[in-house]
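Chemist: Pasting in a structure now, in C-alpha cells, and then I'll have a few things to ask.
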Amino acid sequence: MTMLTRTCLRALLAGSLALLASHAMADAIDDIKARGTLLVGGKTDYKPFGYREPSGKVVGFSVDLAQRVADKLGVKVEIVPTTAANQLQFLEQGKVDVVIAAMNDTPERRKIVYVVEPGYYASGASVLAVKTARIQKWEDLKGQKVCAAQGAYFNRAVQERYGADIIAFKAPTEAYNALRNGNCSAFVYDDNTLTLKLEEPEWAGYEVPLKSIMPQPVAMAVRLGEERFHALLTSLSNEWYKTGVIVQLEDKWFPGKKSTFVQDMVAKYR
Amino acid sequence: MTESIAGWFKHLHERTGINLTVFYDAFDAARFVAGVATTIELALICVILSLVIGLGGVIVQGSRSRLLKAVVNAYIQFFRNTPSLIQLYFFYFGLGPLIALPNASGQSVPLVSNFAWAAICFSIYAGAFNIEIFRAGVEAVSRSTVEAAEALGYTRLKSYIHVILPLAFRYSFPAFSNNMVNLTKLTSVSYAIAVPEILYASSQIWSDALNVPEMMNIVLVSYVLIVSVFVYAMGRIERALRLPGVGI
Amino acid sequence: MSAGKETILAVLVNWTPYILKGFAINVFISIVSMALATVLGVVVGVGQISTNRAVRSVCWAFTNFFRNAPWLVLLFYCMLLLPFQFRVGGVAVAIPDWAKATLGIAIAAAANMSDLVRGAIQSIPTGQWESAESLAFTRRQTLFLVILPQCIKRLLPPWMNLYALVMVSTPLCAIVGVNEIMTVAADILAANTRHDLLIPVYFYILLLFFFYCYPIARMTQRLERRFAVIG
C-alpha cells in the first residue's frame, strides 16, 4: 500500500468514527435555549392553522400557539414547513424541536412521538363534494373516486370502511386541482379547512354535505423521552384552557364558531 | 403456512421494532401487491406502445416527404429534450380537463384516467428515443440488401416490413433493450399523478404505519428485482432473435 | 379573446425573473450532480476491470444494482434515509435537502457513467495494453497514462448525453420536497386562482428546458459524427 492510500484510509476511518460517535443528545430545552430559536414543524398551506399571507408570512392558530411557547422559553420562533407525511419524521430526526401543525392525536402516532395532552383543538374528516354528485351519506362514496392528501390519518379508514377509491396526492393543492378538473367527485380532508374553503367564490358548485367522522384532538408533539419539554408544554396547554387563550384563538380564527370540544375542555380544566 | 409467515413478521416487529406490515397486515399486503401489478402492467403497455411508435416513426422518417420528416424530427427533439415529469403534469393537469364529458350526475369528468395519461406520456417519450435507435439500425442495413429488395419488386413499404426492419431491429436491439429498461424505471414517476404503482402504494403504507425505512428498502429491492427480471428477459429475447451471420 | 391571451403572456413575463431563479436551481443541481457522478463513475468504472476480484465484484454490484433502480426511488431513498445533519467532532454540519437530492441523482448517474467508462476502456485495442507492457509500464501507469486519455475523446458524446439526462431528471427533486422550478410553477398557480394558466405555465417551463437541452443534443450529435469510427 502506498503512503497516499494509507493516509486516505486513516482519514476515512477517523471520519467515520467521528460520525458514529454517539449522538450525546442534550435535553431539548437546553438545545433550544442554546440555539436561541424554537424550531417548530408547522403547516404553511392549511387554513386557518398555518398558511401564508400574500406577503409570505406564515400565520394561523398553530402559529400563534408556537409564538406563545417560544415566548415562554424566551427564544425566537421559526416555522419549518412540514406536511402530514413528513412532520413526524422531521421531529424524530431532530430537524424540528416540536410539531405544532394541527396534528391529529392517534394511537399509531403515540407510538412514535410524545403527544402533549390536552390537545389544543379538534377536527375530523369530511368531504368537499361537487353538488351534482349528490353525496348524502358516507356510504355514497362507495366505488367513487375520492381525492385525498397523502399522510392523513383517515384515508385508510375511508377506503376500508366505505369502499371509496382513494387517490392521494402529495399536496392538498394538487388534490383541489384534481377535484376541479373532475378527476374525482369528492375530496376527503380536515373538516375545518374544507368548511373555510367553501367561503371562496370559485367553490360555489361544491358542498360539505357529510357529518365529520373520526374526530380527534389536534395536539403538539415532542420526541419520545423529552420529559422536561413535555411537562412544560402540558402545563402550558392546561394554562391556555384556564386563562381562555384557546377560546380567544377560536374566536379569532373560526369567527362565529363555538365548538363543543373547546367548551368541554374549558369546563374540564377550569 | 401464510399464518406462520405473518406471525413471524409480527413477532419481529414486537421484538426488534422492524415493522414490515406488508407481510402481516392483509390490507397493506393487498395494496402492495396491487402496486406491483400496476407497475408491471404499465411497463408492459408502455413497451408495446413505444415499440409501435418507434417502428411507425422510422417508416415515416424514411419517406420522401420533407414535411413528414420535419414533423417526426420535431417530435423527437421536443420529447427527448424536455423532462418527462413536466410532460406528465402538462397532460394530466393541463390537457386532461379539456378532454372531458359530463357524467351521469352532470360533473365534467376527464375521459382519460391518470393511468392512461401515464401510459400515453411515457410511450411517447420512449417512442421518440426508439425512432432514433431504429433509424441507426436502419442505416446499418447494407445498401446492397436494400437494392436487392428493390430489384425483387418490393414496394418501399413492403421492403421496410419484410426486409429492412427485421434486420434493423436486430442491429439496434442492445440500444432498444436499454431504452426499454429505462422505460420500466420511468414508470415510477407516475407516482406524481397518484397512479397506484409500487412507490405510491408504499408511500400510502408508510404514511399509515409510520415505517418509512422498512418500506423504502422494500421499494428499492422490489424495483431492482423487477428490472433485473426484465433485463434477463430482454437478454433471452436477444438470443432468440439471433440470425446466423448477422449481428455483432 | 386576444385580450385574455395577452394577459396570460403578461402574467408569464411578470413571473419570468422568479421562474428563471427556479430554473437556475435546476441547472445548479444538474452541474453538481454531474461532477459527482463523473468522479464516482470513473472510479467505479476503472474498478470494474480491476485485477483484484473483490474490487471487481463490488464495483460490478454497485453498477448493476444502481442501474436497475429507478432514479425517483433513489431520490426518495436519499431524501428520507440520509440524516439531515451529522456531527464532526462537536460541530453539527447540516445537510440541506438539495444536497441529499443531488447525491441521489449523482449515484444513479454514476452507475451509468461507470458502464460507459468500462465500455470505453474495453474498446481500446488490446495492442495498446501490450505495447505499454513491453515498454515496462505498470498496470496503473498504463491505465492512467495510455488508456484513459484515449477514452476521454470517445467518452465525450455519451457523457454529454448523460448530462442531458441528468438535467431532464432534476424536476424529480420537487417530488421529494426540494424547491426548484416545479415548486415555482406550483407557487404561480396557487397565487393566481385563474384556471387557464396551467397549460401556458407548464408549456413555458417545457420550452425553457428545450432551449437549454437542445443545443447540447446538437453538439453531441456533431461530436459523435466527428469521432465516429468508420467501418
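Chains as they are written, first to last, in the working numbering: chain A, 155 to 424; chain B, 2 to 249; chain C, 13 to 243. Here a beta-carbon is modelled for each residue, glycine too, at the ideal position from N, C-alpha and C.
1) Do you know offhand how far Val-253 (chain A)'s Cα is from Ala-306 (chain A)'s?
2) With DSSP as the reference, label Gly-101 (chain C) as helix, strand or coil.
3) Let me see if you follow: with CB-CB separation under 8 angstroms, is Pro-95 (chain C) close to chain A or not?
4) Is there contact here, the stretch 281-295 of chain A with the stretch 390-402 of chain A, by at least three beta-carbon pairs under 8 angstroms?
5) So which of A:Gly-190, A:Ser-216 and A:Asn-337 has the shortest CA-CA distance to Pro-111 (chain B)?
6) Alpha carbon to alpha carbon, what distance is there between Gly-154 (chain B) and Ala-169 (chain B)?
7) Assuming Ala-44 (chain B) and Ile-187 (chain C) form a contact by the criterion Cβ under 8 angstroms, report the distance between their Cβ atoms to the nearest whole angstrom.
8) Would DSSP call Ala-10 (chain C) helix, strand or coil?
9) Quick check: is any heavy atom of the ligand ATP less than 7 angstroms from the C-beta of Val-53 (chain B)?
10) Identify the contact partners of Val-187 (chain C) in chain A, using a Cβ-Cβ distance below 8 angstroms as the criterion.
11) Taking the C-alpha atoms as reference points, what is the distance between Leu-227 (chain A) and Gly-190 (chain A)?
12) Can you check which of these residues, A:Asp-184, A:Met-157, A:Val-194 and A:Ile-183, is closest to Met-374 (chain A) by C-alpha distance?
13) Quick test of the definition: if touching needs 3 or more C-beta pairs under 8 angstroms, does the stretch 124-133 of chain B touch the stretch 50-61 of chain B?
14) Give the residues of chain A in contact with Ala-202 (chain C), contact being defined as C-beta atoms less than 7 angstroms apart.
15) With distances taken between CB atoms, is the gap from Leu-387 (chain A) to Val-376 (chain A) smaller than 8 angstroms?
16) For Phe-98 (chain C), which residues of its own chain have a beta-carbon under 8 angstroms away from its beta-carbon, when the five flanking residues on both sides are left out?
17) Round the Cβ separation of Phe-74 (chain C) and Val-56 (chain C) to the nearest angstrom and send it over; I've been treating them as touching at under 8 angstroms.
18) In three-state terms, what does DSSP make of Gln-97 (chain A)?
19) In angstroms with no decimal places, state the Cα-to-Cα distance between Glu-15 (chain B) and Ile-132 (chain B).
20) Taking all protein chains shown into account, do 16 or more other C-beta atoms lie within 10 angstroms of the C-beta of Val-163 (chain B), making it buried, or fewer, making it exposed?
21) List the residues that DSSP assigns as beta-bridge partners of Arg-206 (chain A).
22) Is the stretch 237-247 of chain B close to the stretch 179-196 of chain B, with three or more CB pairs under 8 angstroms?
23) Take the Cβ of Asp-184 (chain A) as the centre, count every other Cβ of all protein chains shown within 10 Å, and call the residue buried at 16 or more, exposed below.
24) Which one of C:Leu-219, C:Thr-154 and C:Met-46 has the shortest CA to CA distance from Asn-124 (chain C)?
25) Quick one: is Thr-39 (chain B) near chain C, going by C-beta distance under 8 angstroms?
26) Could you spell out the range, first to last residue, of the beta strand (DSSP E) harbouring Val-342 (chain A)?
27) Using C-beta distances below 6 angstroms, list every residue in its chain close to Ile-37 (chain C), excluding the 5 sequence neighbours before and after it, in chain order.
28) Under DSSP, the beta strand (DSSP E) around Asp-319 (chain A) begins and ends at which residues?
29) Is it right to say Gln-205 (chain B) is buried, meaning 16 or more other beta carbons lie within 10 angstroms of its own, or is it exposed?
30) Report the neighbours of Ala-198 (chain C) on chain A: residues whose CB is nearer than 7 angstroms to its CB, in chain order.
31) Using a Cβ cut-off of 7 angstroms, which residues of the stretch 187-208 of chain B contact any Cβ in chain A, in chain order?
Modeler: According to the structure data:
1) Going by the C-alpha atoms only, they are around 15 angstroms apart.
2) coil
3) yes
4) no
5) A:Asn-337
6) Their backbone Cα atoms lie some 20 angstroms apart in a straight line.
7) Not really, about 19 angstroms apart at Cβ, beyond 8 angstroms.
8) With chain C running from 13 to 243 in the structure shown, residue 10 (chain C) is simply not present.
9) Ligands in the displayed structure: none, and consequently the ligand ATP is not present.
10) First, the amino acid is wrong: residue 187 (chain C) is Ile here, not Val. Near Ile-187 (chain C) (Cβ distances below 8 angstroms), the residues of chain A are Lys-324.
11) Leu-227 (chain A) and Gly-190 (chain A): Cα-Cα distance of roughly 9 angstroms.
12) A:Val-194
13) yes
14) Thr-327
15) Judged by their CB atoms, Leu-387 (chain A) and Val-376 (chain A) are nearer to each other than the 8 angstroms cut-off.
16) Ala-104, Val-105 and Ile-107
17) 6 angstroms
18) As displayed, chain A neither begins before 155 nor continues past 424, which places residue 97 (chain A) out of reach and without an answer.
19) 54 angstroms
20) The amino acid occupying residue 163 (chain B) in the given sequence is His; Val does not appear at that position. Classification for His-163 (chain B): exposed.
21) Its beta-bridge partners are A:Val-212.
22) No, the stretch 237-247 of chain B does not touch the stretch 179-196 of chain B.
23) Around the beta carbon of Asp-184 (chain A), fewer than 16 other beta carbons sit within 10 angstroms, so the residue counts as exposed.
24) Closest by alpha carbon: C:Met-46.
25) no
26) 340-344
27) Within the same chain, Cβ atoms closer than 6 angstroms to the Cβ of Ile-37 (chain C) are found at Glu-192, the five residues on either side in sequence being excluded.
28) Element bounds for Asp-319 (chain A): 319-323.
29) That one is buried.
30) Thr-327
31) Ala-195, Ser-204, Gln-205 and Ser-208
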